[in-house]
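**Q** Take this structure, written in structure tokens, and hold onto it; I'll ask about it next.
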Amino acid sequence: MTRVWVAADIGATNARFRLLAAHGFESVTETRLATREFGRGDGFADWLIRWVGEHTLGGVVLAIAGPVLGERSGMTNGELELDAAALTRRLGCPVSLHNDFFALAHGLDHFRQLTPTGAATVDRRSVRAVLGPGSGLGMAIVVPEPRGSAPRVLPSEGGFAPLAAASARERTVLEYLADAGYLHWETLLCGPGIVRLHQALAALRGGAPVSSQRMLSSEAIVTAGLTGEDALCRETLELFCEVLTNCAAALALTAHANGGVYLVGSIVRSLVPLLKVPGLRARFEDRGPLTSFMRSVPLLLVEDDDPGLLGAAALAQQRARQLD
Numbered sequence: 216m217t218r219v220w221v222a223a224d225i226g227a228t229n230a231r232f233r234l235l236a237a238h239g240f241e242s243v244t245e246t247r248l249a250t251r252e253f254g255r256g257d258g259f260a261d262w263l264i265r266w267v268g269e270h271t272l273g274g275v276v277l278a279i280a281g282p283v284l285g286e287r288s289g290m291t292n293g294e295l296e297l298d299a300a301a302l303t304r305r306l307g308c309p310v311s312l313h314n315d316f317f318a319l320a321h322g323l324d325h326f327r328q329l330t331p332t333g334a335a336t337v338d339r340r341s342v343r344a345v346l347g348p349g350s351g352l353g354m355a356i357v358v359p360e361p362r363g364s365a366p367r368v369l370p371s372e373g374g375f376a377p378l379a380a381a382s383a384r385e386r387t388v389l390e391y392l393a394d395a396g397y398l399h400w401e402t403l404l405c406g407p408g409i410v411r412l413h414q415a416l417a418a419l420r421g422g423a424p425v426s427s428q429r430m431l432s433s434e435a436i437v438t439a440g441l442t443g444e445d446a447l448c449r450e451t452l453e454l455f456c457e458v459l460t461n462c463a464a465a466l467a468l469t470a471h472a473n474g475g476v477y478l479v480g481s482i483v484r485s486l487v488p489l490l491k492v493p494g495l496r497a498r499f500e501d502r503g504p505l506t507s508f509m510r511s512v513p514l515l516l517v518e519d520d521d522p523g524l525l526g527a528a529a530l531a532q533q534r535a536r537q538l539d
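Residue numbers (the numbering used here): 216 to 539.
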């Protein structure tokens, strides 16, 4: 039997789990499931025990796509609910529960496939930030600590901050969507947001009203837009990238993240060819009196597989050292 830690990145769509050697970052095994298989979480601990098998559990770090209040968390865009205290009693080892981007931010120094935009250089001694669209929109801020200590991570629900338009086209789209209620960054910067953008642009270009449109999935829009076979899908992706760049700039300014802003997630990976265009870097930098400051801020596209799991694993490693 081997002493192991469990690191998990649990999103609204997929849940990824990795068994880690107790005194290292190397993976013993890992698996991926659809999050809906856990329902509200009643059988979560029993499934985890079966999966770990004969290994001895040293601890568990769970990153979940939702806010963590005390020792409990529920998914923002799903029904799974977890209680760290109850899981600790059931599993017989320390269980910590974290917002998914709080955990992901601990992985910044473990990412290896980074595509920079612009010439600015990452500075690990300065504040950095990370954000990524998926089923929702996650954010976190990483603050350096003195004397070589691990950086301090500040979780954020900035995806629900009011959405700001930075162009006439964006203002037109937001006006069209205004009847939907409160508009925030996550309204557009997520998988469902790509669909909303596509429907809004179709209606504004003289197409059928939203209620009568054939709804394409976000995956279909991305595929058709990247290949260029559909002009409206291509425009949707270009507008999505513009809004994402605007959000990244807003986060950089709010957090004074002159050490760098990291864009992560499967949507970002698929849109790297569009996010690298020079015009978007210029949009990121064009911030009036603070344009010169923004020119020094790195904007990086993370192309690593499962960055959330890398972050959760780094946090598990940190917790394991603390308990030794």
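Just so you know, even glycine gets a beta-carbon here, dropped at the ideal spot from N, CA and C.
With a threshold of 7 Å on Cβ separation, who are the neighbours of S426 within its own chain once the five nearest residues in sequence on each side are excluded?
**A** The predicted model places S426 with a pLDDT of 49, which falls under 50 and marks its position as unreliable; any figure quoted below should be read in that light. For S426, where only same-chain residues beyond five positions count, there are no Cβ hits under 7 Å.
**Q** If you follow the beta strand (DSSP E) that S433 is in, where does it begin and where does it stop?
**A** In this chain, S433 is not harboured by any beta strand (DSSP E); it is covered by the alpha helix (DSSP H) spanning S433 to T442.
**Q** State the start and end residues of the unbroken alpha helix (DSSP H) segment that holds S485.
**A** Segment S481 to S485, the alpha helix (DSSP H) holding S485.
**Q** By Cβ distance, which residues of its chain are closer than 7 Å to A260, with the 5 residues on each side in sequence left out?
**A** L302, R305 and L306
**Q** Can you name the residues that DSSP bridges to M290?
**A** BP columns for M290 are empty, so no partner.
**Q** If G503 sits next to V337, beta carbons under 8 Å apart, how far is it from one beta carbon to the other, in whole angstroms?
**A** Between V337 and G503 the Cβ distance is about 25 Å, and since that is not below 8 Å, they are no contact.
**Q** Going residue by residue through the region 271-331, where are the continuous alpha helix (DSSP H) segments of at least 4 residues, counting only ones entirely within it?
**A** 299-306 and 315-320
**Q** Could you check whether the region 394-409 touches the region 365-382, counting it as contact only if at least three pairs of C-beta atoms, one from each stretch, sit closer than 8 Å?
**A** yes
**Q** Return helix, strand or coil for V512, following the three-state DSSP convention.
**A** coil
**Q** Do I409 and V388 count as a contact pair if the criterion is CB distance below 8 Å?
**A** V388 places its beta carbon 8 Å or farther from that of I409.
**Q** Give every residue of the same chain whose Cβ lies closer than 7 Å to the Cβ of A208, excluding the five residues on either side of it in the sequence, and list them in chain order.
**A** Because the chain spans 216 through 539 in this model, residue 208 falls outside it and cannot be assessed.
**Q** Nearest to R343 by CA position, among E518, A299, R536 and S511, is which residue?
**A** S511
**Q** How close, in whole Å, do the beta carbons of T451 and L489 come, if the pair is a contact with beta carbons under 8 Å?
**A** With 8 Å as the limit, T451 and L489 do not qualify as a contact, their Cβ atoms being about 11 Å apart.
**Q** Could you check which residue in E360, L263, F317 and R265 has the C-alpha nearest to that of V283?
**A** F317
**Q** Under the three-state reduction of DSSP, which class applies to N473: helix, strand or coil?
**A** Note: N473 maps to coil in three-state DSSP.
**Q** Can you list, in chain order, the residues of its chain with a C-beta nearer than 6 Å to that of E296? Leave out the 5 residues immediately preceding and following it.
**A** Apart from sequence neighbours up to five positions away, the residues of its chain that approach E296 with a beta-carbon distance below 6 Å are R255, G256 and G289, ordered along the chain.
**Q** Would you report the Cα separation of E269 and A418, rounded to the nearest angstrom?
**A** 57 Å
**Q** Applying the criterion that 16 or more other CB atoms from any shown protein chain within 10 Å of the CB defines a buried residue, is G339 buried or exposed?
**A** The amino acid at residue 339 is misidentified as Gly; the sequence shows Arg. Exposed, because fewer than 16 other Cβ atoms sit within 10 Å of the Cβ of R339.
**Q** Could you work out which residue in H313, L272, A465 and D520 is closest to L505 when comparing CA atoms only?
**A** A465
**Q** Label G523 either buried or exposed according to how many other C-beta atoms from any shown protein chain fall within 10 Å of its C-beta, with 16 as the threshold for buried.
**A** buried
**Q** Measuring only the C-alpha atoms, how far is L459 from G285?
**A** 31 Å
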